[in-house]
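Trainee:
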Amino acid sequence: MDKCEISNRTEFIDRILDSKKIFIYGVGRSGLVGKAFAIRLVQLGLKVFFIGETITPIVEPDDFVIVISKTGQTMSAIQTANIVGRVGANVAVITAKDTSKLAHASSILITLKDTNNSKTELAPLGTLFEDTALIFLDSLIPEIMKRLGETEKNMRARHAIWV
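Throughout, my numbering is defined as the position within the sequence shown, counted from one, plus 64.
1) Within the continuous alpha helix (DSSP H) that includes L176, where are the two ends?
2) Let me confirm a value: I80 is counted as buried when at least 16 other C-beta atoms fall within 10 Å, else exposed. Which label applies?
3) Using three-state DSSP, classify T159 as helix, strand or coil.
4) Among the candidates S171, K161 and F87, whose CA atom is the shortest distance from the CA of F193?
5) DSSP puts G90 in a beta bridge; with which residues?
6) Apply the 10 Å Cβ neighbour rule to D127 and answer buried if 16 or more other Cβ atoms are within range, or exposed otherwise.
7) With a threshold of 8 angstroms, are at least 3 pairs of Cβ atoms found where one atom belongs to the stretch 82 to 97 and the other to the stretch 214 to 224?
8) What residues are listed by DSSP as bridge partners for F114?
9) Determine the direct distance from the alpha carbon of V97 to that of A169, and round the result to whole angstroms.
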């Protein structure tokens with residue numbers, strides 16, 4: 065599979081826009097990155113769910129599932145990708161390991177290379193991957209906004225209201 069190429073980015077956005085339902089999955093901080101992206105997609109008016117929440121519906125054929133895992137070895141992420149793939153969903157994987165079991169379960173692979181492993185005292189564990197994944201996913205929002213004809217005003221109307 066290809067590394068993080070523009071063609072993967074475009075296909076990733078196309079799949080988001082062509083899907084009736086979008087599901088996101090990740091564990092720990094990768095899950096938090098996924099939830100942050102899910103919030104933006106909801107603010108764009110899309111039907112988005114986080115796998116594992118009690119109110120998440122079942123994944124069906126042609127739904128789009130995004131799985132985020134730095135190592136690509138997280139067992140629950142691999143199982144999720146394999147199960148939804150068997151159901152007929154399209155699976156995108158965002159990982160740092162393009163040869164992982166999780167990467168092999170994807171139909172769209174986004175590889176965010178972790179090239180700074182020697183600097184862990186400044187960014188321990190998966191910090192660089194998680195930050196890169198968040199920036200990558202947030203960088204998609206302006207293009208999705210443009211293609212949907214959405215504005216910040218529209219998005220703000222769908223923003224959570226805190227009382």
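Where is the CB? At the ideal position from N, CA and C, for every residue including glycine.
Just so we're clear, the structure is a prediction, and the values are computed from it rather than from any experiment.
Mentor: From the atom records:
1) Within the sequence shown, residue 176 is the residue found at index 112, counting from 1. Here L176 belongs to no alpha helix (DSSP H), and DSSP marks it neither H nor E.
2) Numbered from 1 along the sequence shown, position 16 holds the residue referred to as residue 80. So I80 ends up on the buried side.
3) Position 95 of the sequence shown holds residue 159. Correct three-state label for T159: strand.
4) On the sequence shown, residue 193 is found 129 positions in, with the first residue counted as 1. Ranking the options by Cα distance to F193, first place goes to K161.
5) Counted from its first residue, the sequence shown places residue 90 at position 26. Answer is I132.
6) Looking up residue 127 in the sequence shown gives position 63. Label assigned to D127: buried.
7) No: fewer than three Cβ pairs fall under 8 angstroms.
8) For the purposes of this step, residue 114 is taken as residue 50 along the sequence shown, with counting starting at 1. According to DSSP, F114 bridges with I88.
9) One-based indexing of the sequence shown puts residue 169 at position 105. One-based indexing of the sequence shown puts residue 97 at position 33. Rounded to whole angstroms, A169 to V97 spans 20 angstroms at the Cα level.
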